[in-house]
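In what follows, a structure is listed as structure tokens, so that the remarks can point back to it.
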Amino acid sequence: MKIRINSGRTVIQGSHVDQKNSPEYFRETSTIRLNPVDMMEIGIDDGERIKARTDNLSIVLRALSDDSIKRGTGFLPLGPYANFLVGGNTHSTGMPDFKEADADIEATVDTITTVGELMQQLGGVPYRR
Amino acid sequence: MFHIEDKVRHIVCPYCGCLCDDILVELTDGRISGVENACTLGAHKFLDDADNRLKGPIMRKGDQWVDISYEEAIAYAVQTLSEADRPLLYGWSGCVTETQAIGAHLAELIGGVVDSTTSVCHGPSILAIQEVGHPGCTLGQVKNRADTIIYWGSNPIEAHPRHLSRYTNYADAYFLHNAFRERKVIVFDVRKTATSEIASEFVQLEQGGDYHVLSALRAIVRGREDVVPDMVAGVPKSQLIRVAEMCKKAKFGALFFGVGVTMTGGKYKNIRNAIEFVDELNRHTKWTISPMRGHSNVYGSNEVFTWITGYPYAVDYARGIAFYNPGETTAVDILARKEADAALIMASDPGAHFPRTCCEHLAKIPTILFDPYPSATTHLCTVQIPCAVNGIDAAGTAYRMDGIPIRTRKFLETGYPTDTSLMHEIYEQIRERKEHV
Amino acid sequence: MQVTLTMKPRAKPFLPIEAEMINPMNFIGSQNLFVWEGNKKRRLEDIFTVRKEGNVNSPENIVVVLRGDTSRVKRVGEYMSSGTIIVEGDIGMHCGNFMRGGFIEIQGNADGWLGREMRGGSILCHGNAGDYCGSGYRGEKRGMRGGKIEVAGNAGDYLGEYLTGGEIHVHGNAGMFAGAEMRGGCLIIDGDARIPAANMAKGTCIIHGEIHEMLPTFEKIGEKDGMLVYHGDVANKGKGELIVKSKIT
Amino acid sequence: MSELLIKNAYVIDPLQGIHGDIMDISIRDGRIVDKVSGSCEVIDAAGNLTLPGGIDSHTHVCGTKVNFGRYMSPEDMRAGRTPRRGAMYPTSGYTVPTTYGNSYRYSKMGYTTLLEGAMAPMEARHTHEEFAATPMQDMLANTLFDGNWSLFEAVGDKDIRQAAAVIGWTLAAVKGFGIKLTNPGGTEAWGFGEDLASIDEEVPNWDITPREIIDTTIRACELLHLPHSVHLHCNNLGMPGNYRTTLETLDIPGDMNPDRQTLYLTHVQFHSYGGNTWGDIKSEAEKISDSINNKPQVVIDMGQVMFGRTMTMTADGPMEFRLYTLHHNKWSNHDVELETGSGIIPVYYSRKSSVNSIMWAIGLELALLVKNPWQCMLTTDNPNGAPFVKYPEIIGLLMSNKYRSKELSQVHKLTTDRTSLGSIDRELSFEEIAVMTRAGQAKALGIINQGKGHFREDALADIAIYPVKPDQTDPSLQYEEVIGAFQQTLYTLKDGVVVSRDGEVITGVANRTFWSKANLPEDMDVLKSPRFVEKFSRFYSVDLENYLVQDEYVQRGVAMNTGVNS
């Protein structure tokens, strides 16, 4: 299923910006809110996982049903998971399409990578202390 | 056990662009034990601070992290930055202006690009202002006068939680008898939010439809509703006419917009259209428009860079004179095009907030991160240097989202060096090095 | 005379090069020419192999040929007033800025700001053009003011922003906001466009393909040669002309 | 101890009555002294014109709206870009240059002291931060009171003592120098999108008029003995027919204090328009200057307009909105709660425009018709009328009738009918120019005793040596040489140090900030007034404790003590 992902601040995300490696930040920023009908269509329940894919990259997210979300869209709090789906094109304005990532989503049982692991996938070395 | 308790007042919250300056902090044994007046976001900033700090500088060696001294970290930064062909100095929004000023001069010294988090936040707003100007005001002006407030693509209840109570809906007003009852709040958003729940009028538009709705509103205010179709980006024309009337009837209206408008298709054109909508309304009554700036001192970076370099952000000193062209000289573009061969990241977290291609490039080049806390960028950088936190164990100037400069207060002694002193040290060492070459 | 500049291999191939001195008139005589690679000033010969053939007389008879990967070379032909530049591959940003005369031919693609603030002369791009083709500069109220830009492929976003004079003809599609803030001149798009002519004040914008997300503030005036004619942008007091094929999505 | 001797200087020092003597100037540790030792460093001025450092008594170079002018104008920054050279940082910009751009260009023209014309108290830190980055000049900030609610209350109560208390406290709190009133009452009306049409119209929601604000503020200023008088930007700026408002305003101080300057009217050019519309606008400079010629207690500055592009910026928000509806270019506005407003728009003054040409002529008329040069300062209200780099051309126009006639023949033809410029043949002397660019300013601002504007013993050794020999030059004919000389000094000295030479800034210095510290008796302590404190906490959006400008912002501040008798 194709959805357009919007991102933005939430209180939980915002409360933990100085704790990017905490379980609270991890859980909040890797959780996508979807319309319940869309979730039924993909065949998942609250708290189950989806794989979101843009171009040839994909990322695993936890799904939460939220009937304030319009069908065909999703809300993902801003953070490394949301931005993993965003390309570097800024249309020559300096600003990427943070609020307009179009992704294919499907149900998955894969696990969600932590922030450190995600950064490792991008070429970094996880710091764990 | 004996506790030393203390209360410090009039503390300035270093979290968001509201820069609330009425915070009361309780200290017990030199640690923050309580916070009053702050919102959830600000309270977390203060209360969790001590547990979150990185203890000292760290360096990536192969796939290991090792502790290093401040001297070693500075020496690494000096060598890396002075040898680079296209260094990028990014971040700055959590720093005080005193540090930002050194950053602008440092960029010039090393022929680098200096950019702030503005470019992925309200950079498009600045581009729009550069096309049509900015009819704005201080937040107290809104508080005392506004009877109509618009939040557009902005959800202050979650992003700027005290904005409504200090400056708009719930604030005391000089010119309104019962401010809370007399004020109308209109919310434009693509989704229902906590803020849209308290609005007297909620306009839900299709994602990416901001420009169309604003054009239609301008035409309606100009008396050309005849050309506007029955539905614009999911909004019925009747609602647009009603809203336009509310706006014209206001004695003082204030439109606040968030990154919901700067980040979607059209980017700065959306903001430009919003500004021109407000311009048009000023022919009927009084209206102002203001961006909801995110970081505590992101506006300070724009101010300082402007008086030093001439431009608010994205300044390229490769040729020794300032050049500015967002889309070309902005951090995301420079990283996505793999131009930068070294980066200094100042109190910001591109690892969490940049597109993946940019993060990949940061991981490949020498990246020096100044941040009090381990962040997503920690895993990508080469060296991280923790410094004191502006507003907790460091003081200096910060500019509120409406341009009001406020001096943050230092109320704790922690022993961490300030970013001002570290940047000064780096600047001086590079300057000496250049003089000897 | 023909001057052939062939890119040499570079240690850091992603570094931008600023080369506004690549302008036919600068190849009369034999002065030292310099370009910037990142923050380092380099001799032209450090970056390119330079070969000159024929005799020097006046700039209009000079043909400068760029060869190799020139996709990161910026500002080629800036302020050019006569002569010819031929780019065999792709060209970097700001090619032909402030151009007043002469001819630039790009056989590959052009990056952003092609022909920015151009005054005269002509540019032919066989491939695609990037964003802000024929536009103005940040904060400036006038874009391209004269001359002609022809793009055989597609153009990016903000094509002809603040177009004030001259003509831009794109044979393929345009991105978002083509002809935004137009104040004059003529913009022709053979393919599709998204949100064209936003806030236009004057000038003519003709779109032969499909329009996506047409703005609600254009007033239909009539038909001409099987095309629909709109006036706008009504959001301001625009007196521009938007001429489109009948199909609007 | 550092010593310096300037030899063979052609000195004009109007405050000391030196009218062009060839003499030596001795400097020790940054100050003028009677004599220095024989072994000191020597500069040979070789008979060139040597004046005290230039003082601009009304310019906009630092602070919120100046910076917003820069912020919104990347196109302007493309001009005037210079790279780092020696002690000089890079600069950018023409109409609104970077702080270093302003500072270096003023220094090159021999200026060592600048008064920023408009600082909103609430945004004072910003102005002081930029002062620190304008290193080649000592700085003063006129502080805006035109929409100050606490002052309004005192005006309403007709309580001059309370008005003085508010002003005294505010200046010390924000490290301001003098009182600026910009469209008094009008900026408050603009809070709800309105303006006032006359000085007797009531300010909406406040039971007071501009006349009362001006009158009370002048009396409060006198009570406080502030160094500078009230610095007033009259109501109705830029409106055809506004000369009547200006004349009425000029009559307000009367003989309030015959011994002292009680009013400074700024950019009077913009306030001397006759006619009723843009179509029939004409000059009323003669009536305005007649009034000034009869009022020794009044000083004005020209606010000269010069052709070309520039940026208008003022606390007068409603005026800028009117200008926006005419020009339809970018418009910025920034109202400051409980205090003032501001607006910014770029403009282009064209010789082809009858209105612009008439404006150009009016400024010159004023300077030539005001008989006493001590009453008319040379300014453009930088950058409103033109960027300050045009000052030398203005000097040329004032010193040469020939140049003036030549220029007049090239502007819009209506100018000859609608102004008297063509019939004035006065040509100003070097001495009069010296008065209008430094000595007069020092007197008008009240900073003579701070060592500004003269070469008396112990004065600050701020000196400008211009490459022109007045005894061998006829400015009437050789106006081009004169203009060239004023564009670039041979030497500019600040505090006895050569800071720029032949247009090149050769060393950085640290400037100082003059501010007014009113020592007030206890009954005038506003912090003891419950009404003042309560209003602050309820209606300002910052805490009182965070409003006060800390000492960090005036590290080289010079407090000028004033006060009232208890």
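Residue numbers (the numbering used here), protein chains in the order written: chain D, 1 to 129; chain A, 1 to 437; chain L, 1 to 249; chain F, 1 to 566.
For every residue, glycine included, the Cβ atom is placed at its ideal position computed from N, Cα and C.
From a predicted model like this one, the values you see are computed outputs, not experimental measurements.
1. Strictly below 7 Å CB to CB, what residues from chain F border G320 (chain A)?
2. Below 7 Å on C-beta distance, what does D279 (chain A) contact in chain F?
3. Output yes or no for whether 8 Å exceeds the beta carbon distance between I281 (chain F) and P318 (chain F).
4. If you measure beta-carbon to beta-carbon, which residues of the segment 128–155 of chain L are closer than 9 Å to chain F?
5. Just curious, the alpha helix (DSSP H) that A82 (chain D) is in, first and last residue?
6. At a Cβ cut of 9 Å, what residues of the segment 68–82 of chain F count as close to chain L, listed as they run along the chain?
7. Any Cβ of chain F within less than 8 Å of the Cβ of K248 (chain A)?
8. Note the first and the last residue of the continuous beta strand (DSSP E) segment covering H231 (chain L).
9. With a threshold of 8 Å, are at least 3 pairs of Cβ atoms found where one atom belongs to the segment 40–50 of chain F and the other to the segment 373–387 of chain A?
10. Find the nearest neighbour of E41 (chain F) within the set F:M1, F:A164, F:M119, F:E212, judged by alpha-carbon distance.
11. Name, please, each residue of chain A whose Cβ falls closer than 8 Å to the Cβ of M233 (chain L).
12. Are the beta-carbon atoms belonging to K65 (chain F) and H334 (chain F) less than 8 Å from one another?
13. How big is the Cα-Cα spacing for D18 (chain D) and L242 (chain L)?
14. Run through the DSSP bridge pairs and tell me what Q2 (chain L) is partnered with.
15. Are the segment 395–412 of chain A and the segment 115–126 of chain F touching by the rule of at least three beta carbon pairs closer than 8 Å?
16. Does the count of Cβ pairs from the segment 229–249 of chain F and the segment 276–289 of chain A closer than 8 Å reach three?
17. Along the chain, where does the alpha helix (DSSP H) containing P387 (chain F) start, and where does it finish?
18. Ignoring anything shorter than 4 residues, give me the alpha helix (DSSP H) runs that lie fully in the segment 203–277 of chain F, in order along the chain.
19. Cα separation between A174 (chain L) and H208 (chain L)?
20. Assuming E28 (chain D) and P80 (chain D) are in contact, meaning their beta carbons sit under 8 Å apart, how far apart are those beta carbons, in whole angstroms?
21. Applying the criterion that 16 or more other CB atoms from any shown protein chain within 10 Å of the CB defines a buried residue, is Y348 (chain F) buried or exposed?
22. State the CB to CB distance for the pair S567 (chain F) and G101 (chain F), rounded to an integer number of angstroms; the pair is presumed to be in contact (CB under 8 Å).
23. Among residues of its own chain, excluding the 5 on either side of M1 (chain L), which ones have a beta-carbon nearer than 8 Å to its beta-carbon?
24. Leaving out five residues before and five after T97 (chain A) in sequence, what residues of the same chain have Cβ atoms less than 6 Å from its Cβ?
25. Kindly list, in the order they appear in chain A, the residues whose Cβ is closer than 9 Å to that of F192 (chain F).
26. To the nearest angstrom, report how far apart T204 (chain L) and E88 (chain L) are at their CA atoms.
27. With a CB to CB cut of under 7 Å and the five nearest residues on each side skipped, what residues in its chain are close to W374 (chain F)?
28. Expressed to the nearest angstrom, what Euclidean distance is found between the alpha-carbon atoms of T84 (chain L) and Q107 (chain L)?
29. List the residues that DSSP assigns as beta-bridge partners of K41 (chain L).
30. Please list the partners that K70 (chain D) has in chain A, where partner means a Cβ-to-Cβ separation under 9 Å.
31. Could you tell me which of A:K45, A:K434, A:S421, A:E432 sits nearest to A101 (chain A), measuring between CA atoms?
32. Give me the subset of the segment 126–144 of chain A whose CB atoms are less than 8 Å from a CB atom of chain F, sorted by chain position.
33. What is the DSSP secondary structure of I483 (chain F), reduced to helix, strand or coil?
34. For S537 (chain F), name the three-state secondary structure that DSSP assigns.
35. Report the neighbours of L380 (chain A) on chain D: residues whose CB is nearer than 9 Å to its CB, in chain order.
36. For Q384 (chain A), which residues does DSSP report across the bridge?
Taking the definition as stated:
1. For the purposes of this step, residue 320 (chain A) is taken as residue 320 along the second sequence, with counting starting at 1. The CB of G320 (chain A) comes closer than 7 Å to the CB of P83, R84, P90 in chain F, given here in chain order.
2. For the purposes of this step, residue 279 (chain A) is taken as residue 279 along the second sequence, with counting starting at 1. Near D279 (chain A) (Cβ distances below 7 Å), the residues of chain F are W331.
3. For the purposes of this step, residue 281 (chain F) is taken as residue 281 along the fourth sequence, with counting starting at 1. For the purposes of this step, residue 318 (chain F) is taken as residue 318 along the fourth sequence, with counting starting at 1. Result no, Cβ atoms of I281 (chain F) and P318 (chain F) do not sit closer than 8 Å.
4. Cβ contacts with chain F: G136, Y137, R138, G139, E140, K141.
5. Start at 1 with the first residue of the first sequence, and residue 82 (chain D) comes out as number 82. Note, A82 (chain D): alpha helix (DSSP H), 80–84.
6. So the close ones are M72, S73, P74, E75, D76, M77, R78.
7. Against the second sequence, residue 248 (chain A) aligns to sequence position 248. No, no contact with chain F.
8. Counting from one through the third sequence, the residue named residue 231 (chain L) turns up at place 231. From DSSP, the beta strand (DSSP E) with H231 (chain L) extends over 227–232.
9. Too few Cβ pairs lie closer than 8 Å, so no.
10. Working through the fourth sequence from its first residue, we reach residue 41 (chain F) at position 41. Minimum Cα-Cα distance from E41 (chain F) among the listed residues F:M1, F:A164, F:M119, F:E212 corresponds to F:M1.
11. Working through the third sequence from its first residue, we reach residue 233 (chain L) at position 233. Note that residue 233 (chain L) is Asp in the sequence shown, not Met. Taking a Cβ-Cβ threshold of 8 Å, the residues of chain A close to D233 (chain L) are S215, in chain order.
12. Numbered from 1 along the fourth sequence, position 65 holds the residue referred to as residue 65 (chain F). Numbered from 1 along the fourth sequence, position 334 holds the residue referred to as residue 334 (chain F). For the pair K65 (chain F) and H334 (chain F), the CB atoms are nearer than the 8 Å cut-off.
13. The count along the first sequence starts at 1 and reaches residue 18 (chain D) at position 18. The count along the third sequence starts at 1 and reaches residue 242 (chain L) at position 242. Going from the Cα of D18 (chain D) to the Cα of L242 (chain L) covers about 51 Å.
14. Position 2 of the third sequence, counted from the first residue, corresponds to residue 2 (chain L). Bridge partners of Q2 (chain L): L:E53, L:V63.
15. These segments touch.
16. No, they do not touch.
17. Within the fourth sequence, numbered from 1, the residue matching residue 387 (chain F) stands at position 387. Where P387 (chain F) is concerned, there is no enclosing alpha helix (DSSP H), given that its DSSP letter is neither H nor E.
18. As far as the segment 203–277 of chain F is concerned, its whole alpha helix (DSSP H) runs of at least 4 residues are 210–224, 243–250.
19. Along the third sequence, one-based indexing puts residue 174 (chain L) at 174. Along the third sequence, one-based indexing puts residue 208 (chain L) at 208. Taken atom to atom, the span from the alpha-carbon of A174 (chain L) to that of H208 (chain L) is near 11 Å.
20. Within the first sequence, numbered from 1, the residue matching residue 28 (chain D) stands at position 28. Within the first sequence, numbered from 1, the residue matching residue 80 (chain D) stands at position 80. Taking the Cβ atoms as the reference, E28 (chain D) lies roughly 12 Å from P80 (chain D), outside the contact range of under 8 Å.
21. As a position in the fourth sequence, residue 348 (chain F) is number 348, starting the count at 1. Under this definition Y348 (chain F) is an exposed residue.
22. With chain F covering 1 to 566 only, the question about residue 567 (chain F) has no answer from this structure.
23. The residue labelled residue 1 (chain L) in the question sits at position 1 within the third sequence. Cβ neighbours of M1 (chain L) beyond the five flanking positions: F27, K52, E53, G54, N55, V56, N57, N61, I62, V63.
24. By one-based count along the second sequence, residue 97 (chain A) stands at place 97. Around T97 (chain A): G300, V304, T397.
25. Counting from one through the fourth sequence, the residue named residue 192 (chain F) turns up at place 192. Per Cβ cutoff of 9 Å: R145, F175, K251, F252, T285, K286.
26. Position 204 of the third sequence holds residue 204 (chain L). Position 88 of the third sequence holds residue 88 (chain L). Across the structure, T204 (chain L) and E88 (chain L) are spaced so that their CA atoms are roughly 32 Å apart.
27. One-based indexing of the fourth sequence puts residue 374 (chain F) at position 374. Answer for W374 (chain F): V435, G440, K443, listed in chain order.
28. Translated into the one-based positions of the third sequence, residue 84 (chain L) becomes position 84. Translated into the one-based positions of the third sequence, residue 107 (chain L) becomes position 107. When rounded, the separation of the alpha-carbon atoms in T84 (chain L) and Q107 (chain L) is 13 Å.
29. Walking along the third sequence from the start, residue 41 (chain L) turns up at place 41. When beta bridges are read from the DSSP output, K41 (chain L) appears opposite L:W36.
30. Here residue 70 (chain D) refers to the residue found at position 70 of the first sequence. Result: V190, R191, Q204, E206, Q207.
31. Counting from 1 along the second sequence, the entry for residue 101 (chain A) is found at position 101. Residue A:S421 holds the alpha-carbon nearest to the alpha-carbon of A101 (chain A) among A:K45, A:K434, A:S421, A:E432.
32. Against chain F - using a Cβ distance shorter than 8 Å - the residues of the segment 126–144 of chain A are I126, I129, Q130, E131, V132, G133, H134, P135, G136, C137, T138, L139, G140, Q141, K143, N144.
33. Against the fourth sequence, residue 483 (chain F) aligns to sequence position 483. In this structure, I483 (chain F) counts as helix in the three-state DSSP scheme.
34. Taking the fourth sequence and counting its residues from 1, one reaches residue 537 (chain F) at position 537. Helix.
35. In the second sequence, residue 380 (chain A) corresponds to position 380, counting from 1. Residues of chain D passing the Cβ test: M119, L122, G123, G124, V125.
36. Within the second sequence, the letter at position 384 stands for residue 384 (chain A). A:I58, A:L369.
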